[in-house]
Amino acid sequence: MIDVHMHIGKLYVGEKPLTPRHLLRFMDANEIEKAILLPIESPEEAHYYVTTEYVMRVARKYPDRFVAGCNVDPRVGTGDNSRILRARLTDYRDRGCKAYGEAMSGLAIDDPALQRVYRICGELRMPVIYHIDGFRNVDEKGFPRFERTLRMFPETVFVGHAQHFWAEISGDVTDDQFSSYPKGPITPGGAMPRLMETFPNLYADLSAGSAYNALTRDLPFGYAFLERFQDRLFFGTDVCRYVQPIDVIPFLKEARDNKRISKLAFEKITRLNALRVFGL
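Each position in the sequence shown, counted from 1, maps to that position plus 4 in the working numbering.
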């Protein structure tokens, strides 16, 4: 399997850092052949920064196991910072970074600073892995801002993740669920499946508890969702703590083994889509 969403380094006060050796042991135990490491460069993301330069050093040391993502806080500099963003992102792309993320700044999802990032990433063919909840990449119910963004940047690949993104799988989402894990059957009319159907540049990663919760709160719907969007989903763990349950791994394997999803869908979600979209 290929994990498109993994973290490294010291992220939280009072917790052990995620070392390359620890991550490799985790990957070996869970049959993960390769992982994209995502830096932390916005203050809203975690308690410490993990720079792109550090992530690239780790990827160079373990080129068969780790791939570098890159991150630049969209507010870097002053005023129109397009020149700064373009120079840094182009440099990172040229040095082997395969994704921008995790986009996690405390801005509206259509903020002009983020729009500059989206435009440049589209030009560089660098997918944007973004986290959307009630505090970061903020949007209203139904994703009106995000829908406009997808329409504005058709050449940019967006990879959705986190609580608000997955809460919108159901048509009955409420404002107080943007940073939580809603339970109960899926109601038709969710904004996220609608946008997935409408915009071919929208993908999703299955990392963290938000994706697992969305897919298992209504199992028949979840299995059908995996089959329906098998070409647009990526396996991911969002490992960010030294000890962390990753429920999506046994869930996907059991779905395959029990023929709830096809073997081809499993292979696409856990490996083939990452190879194709991220150019691994």
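Where is the CB? At the ideal position from N, CA and C, for every residue including glycine.
- The beta carbons of Gly-81 and Cys-101 sit no closer together than 8 Å.
- Burial check for Val-281: the Cβ neighbour count within 10 Å reaches 16 or more, so the residue is buried.
- Ranked by how close their Cα comes to the Cα of Leu-219, the residues Gln-119, Arg-264, Ala-107, Arg-90 have Arg-264 in first place.
- Membership of Asp-7 in the beta strand (DSSP E) is indicated by the continuous run 6 to 10.
- Residues of the same chain with a CB within less than 8 Å of the CB of Leu-42, apart from the 5 flanking positions on each side, are His-9, Met-10, His-11, Val-59, Gly-73, Asn-75, Ala-103, Gly-105, Glu-106, Ile-133 in chain order.
- Residue pairing by DSSP places Lys-38 opposite Ile-6 in a beta bridge.
- Val-54 sits in a strand when the DSSP states are folded into three classes.
- If the five residues before and after Ser-174 are omitted, its C-beta is found closer than 6 Å to the C-beta atoms of Ile-190, Thr-191, Gly-194, all from its own chain and listed in chain order.
- Nearest neighbour of Pro-224 by Cα position, chosen from Asp-251, Leu-206, Ala-259, Arg-245, turns out to be Ala-259.
- The secondary-structure analysis by DSSP pairs Ala-166 with nothing; it has no beta-bridge partner.
- Distance from the Cα of Arg-29 is smallest, within the candidate group Tyr-246, Thr-94, Gln-234, for Tyr-246.
- Under the three-pair Cβ rule at 8 Å, the stretch 133 to 148 counts as touching the stretch 165 to 173.
- Restricted to the stretch 187 to 263, the alpha helix (DSSP H) segments that are unbroken, complete and at least 4 residues in length are 195 to 202, 212 to 220, 223 to 232, 252 to 261, listed in chain order.
- With fewer than 16 other Cβ atoms from the protein chains shown falling within 10 Å of its own Cβ, Arg-155 counts as exposed.
- A check of alpha carbon separations from Phe-182 across Ser-211, Gly-146, Ile-40, Leu-206 identifies Gly-146 as the nearest.
- In this structure, Arg-152 lies near Asp-114, with their beta-carbon atoms less than 8 Å apart.
- Of the residues assessed, Val-177 falls on the buried side of the cut-off, its CB having 16 or more other CB atoms within 10 angstroms.
- Rounded to the nearest angstrom, the Cβ distance from Leu-15 to Ile-40 is 16 Å, too far for a contact under 8 Å.
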